[in-house]
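**Q** What follows is a structure written as structure tokens; I'll ask about it next.
Protein chains: 2
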Amino acid sequence: MADDKNSRPARSAGHRALPKSEATRQKIIEAAAAVLAERGYAGTKLSDIGARAGMQAGSLYYHFDDRDDIVDQVLQRSIRGVYERVRGAVEALPPNSGELVCLQTAISEHLTVILESSDVSSAALRLLGQLPPESQRKYRNDQRTYGDYWHDIIVAGQASGSIRGDIDPVRLRLFIIGQLNWVSEWPKSAIDSRENVHREAMALIMGGVTGPVG
Amino acid sequence: MADDKNSRPARSAGHRALPKSEATRQKIIEAAAAVLAERGYAGTKLSDIGARAGMQAGSLYYHFDDRDDIVDQVLQRSIRGVYERVRGAVEALPPNSGELVCLQTAISEHLTVILESSDVSSAALRLLGQLPPESQRKYRNDQRTYGDYWHDIIVAGQASGSIRGDIDPVRLRLFIIGQLNWVSEWPKSAIDSRENVHREAMALIMGGVTGPVG
DNA sequence: GTCTATACGACGATAGAC
DNA sequence: GTCTATCGTCGTATAGAC
């Protein structure tokens, strides 16, 4: 649990929210996410990250320990970022909203994150599978936390009857999230407007291909 | 269009279907697919492929021109393989089967391929996105052929009213195929039996989370 | 903080023995 | 057909100037 970098900057007295070094870290992480998303884990070279962040490869070592440290930050932020966004959206619902509304909100927000940050947030999704197995373990907890959050919504919905009960809740979640995640692989030409993607995704997940009335 | 390897072996007179060299090619391609699926494009080393195929890295060059040639074969077989399987299944239906049945058959067969060859066939799906953009062009045709096949089914179904018409047919296809493709990313623990996955995927895609009767 | 230069290892690819 | 040995290249990481 040695973690000297995440609470940076630990300087004398906090005054500004984004000191220069932190802003640069941000820029590097975003650059790395972009490269990771399009080249994959092993295909991401420090020179690419540096180029996109406007500096030389060697300069990255001032801000990060090594290559994996950068990848690490991208993944952490992505996974936790999606979770916080979705949880925030669901918790913003009026109290006693039905489970179906919670599910719809989670779907909508998850999709929003994918559509708006097609780099930073969707990079993680495609990356987890290509990491060396040991590295994957580090993110299992964050992944499971997010999965559990969905799981609870789905199970509650099935108990109340608002969500069909003849599909295993784990697989139901995996089907839904998988369908949404794959949007990050779409050709850009298929996304004419985010509104359409949202509306149609919701319509399909809710009512299926035969439509809301069977 | 120089393509001297694909029609191998071009030996004196055909006698056996699988001469040794062709069998070895097969084994290498399968090994490569396995490594590609778990390490990604750039993460796949010739030494890994060789190890899994039971030979040294240098020996691979007897069967293939270079690294990209191997990746190429994996992708070609995967994309075309799924297409042929799905088309075969749909064409095996009794004539004048409804479009909805065609769609269901396509879904079922696509999922079957993913579940049974979680290496060879699913490797391609995740790979296309991480290839250097120039390389991607080579597979666009095969991809489009497969997409068009689904497209025709969906459009016909929408015309006849058996498939809801309020979702863009291109996105409807992408949603469905994406949901199925993502199954290759599932933790193995989520697949207790292929039958269950099939049944539930079909139920969800057909009727949505609210169930077949709304 | 960022640069250039360099040490070092890893991987793709080739050559030649068997 | 497959092996071992080797070369060349590229990418990570470090060192030290600015």
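Line order of the protein sequences matches chains X and S. Residue 1 is where the first sequence starts when you use the working numbering, and the numbers rise one by one after that. Residue 215 is where the second sequence starts when you use the working numbering, and the numbers rise one by one after that. Backbone N, C-alpha and C fix where the C-beta goes; we use that ideal spot for every residue, glycine too.
Under 8 Å between the Cβ atoms of Ala-32/X and Thr-44/X?
**A** Yes. Within cutoff.
**Q** Please list the terminal residues of the continuous alpha helix (DSSP H) segment that includes Phe-175/X.
**A** 169-181
**Q** Return the CA-CA distance between Gln-341/S and Val-288/S, expressed in angstroms with no decimal places.
**A** It is worth fixing the name first, because residue 341/S is Leu in this sequence and not Gln. Distance between the alpha carbons of Leu-341/S and Val-288/S: 10 Å.
**Q** So, at 7 Å on beta carbons, what are the nonlocal neighbours of Ala-57/X in its own chain, with the 5 sequence-adjacent residues on each side left out?
**A** Closer than 7 Å at Cβ, skipping near neighbours: Leu-46, Ser-47, Gly-50.
**Q** So with Cβ pairs under 8 Å, would you call Leu-386/S a contact of chain X?
**A** True, the Cβ-Cβ gap to chain X drops below 8 Å.
**Q** Which residues in the same chain as Asp-166/X place their Cβ atom closer than 6 Å to its Cβ, once the five residues preceding and following it in sequence are excluded?
**A** none
**Q** If we ignore side chains and look at the alpha-carbon of each, how far apart do Arg-199/X and Ile-191/X end up?
**A** 12 Å
**Q** What residues of chain S sit near Phe-175/X, judged by a beta carbon separation below 7 Å?
**A** Gln-393, Ala-415, Leu-418
**Q** For Pro-94/X, which residues of its own chain have a beta-carbon under 7 Å away from its beta-carbon, when the five flanking residues on both sides are left out?
**A** none
**Q** Is the CB of Glu-399/S under 8 Å away from at least one CB in chain X?
**A** yes
**Q** Quick one: residues in its chain with C-beta nearer than 8 Å to the C-beta of Leu-314/S, no 5 flanking neighbours on either side, listed in chain order?
**A** Gly-371, Ser-376, Ile-377
**Q** By how many angstroms is the C-alpha of Ser-335/S removed from the C-alpha of Tyr-353/S?
**A** 14 Å
**Q** Helix, strand or coil: which one does DSSP assign to Asn-355/S?
**A** helix
**Q** Taking 8 Å as the threshold (beta carbon to beta carbon), is Gly-215/X in contact with chain S?
**A** Because chain X spans 1 through 214 in this model, residue 215/X falls outside it and cannot be assessed.
**Q** Specify the secondary structure class of Tyr-41/X as computed by DSSP and reduced to three states.
**A** coil
**Q** By the 10 Å Cβ neighbour count, where 16 or more other Cβ atoms means buried, how is Gly-422/S classified, buried or exposed?
**A** buried
**Q** Would Leu-216/X pass as a contact of Val-71/X if the rule is Cβ separation under 8 Å?
**A** Missing from the structure shown is residue 216/X; chain X here goes from 1 to 214 and no further.
**Q** Could you tell me the boundaries of the alpha helix (DSSP H) in which Ile-205/X lies?
**A** 194-207
**Q** Using the three-state DSSP reduction, which class does Ala-150/X fall into: helix, strand or coil?
**A** Inspection of the sequence shows that residue 150/X is occupied by Trp rather than by Ala. Helix, per DSSP.
**Q** Hey, is Ile-184/S's beta-carbon within less than 8 Å of any beta-carbon in chain X?
**A** No statement about residue 184/S is possible, as the shown extent of chain S runs from 215 to 428 and does not include it.
**Q** Extract the residue ranges of the beta strand (DSSP E) inside the stretch 29-84 of chain X, only unbroken runs of 3 or more that lie entirely within it.
**A** With a minimum length of 3 residues, there is no unbroken run of beta strand (DSSP E) contained wholly in the stretch 29-84 of chain X.
**Q** Exposed or buried, which one is Glu-84/X when buried takes at least 16 other CB atoms within 10 Å?
**A** With fewer than 16 Cβ atoms within 10 Å of its Cβ, Glu-84/X is classed as exposed.
**Q** Would the beta-carbon of Asp-361/S fall within 8 Å of that of Glu-185/X?
**A** Rather than Asp, the amino acid found at residue 361/S in this sequence is Gly. No, the pair does not count as a contact, with Cβ atoms beyond the cut-off.
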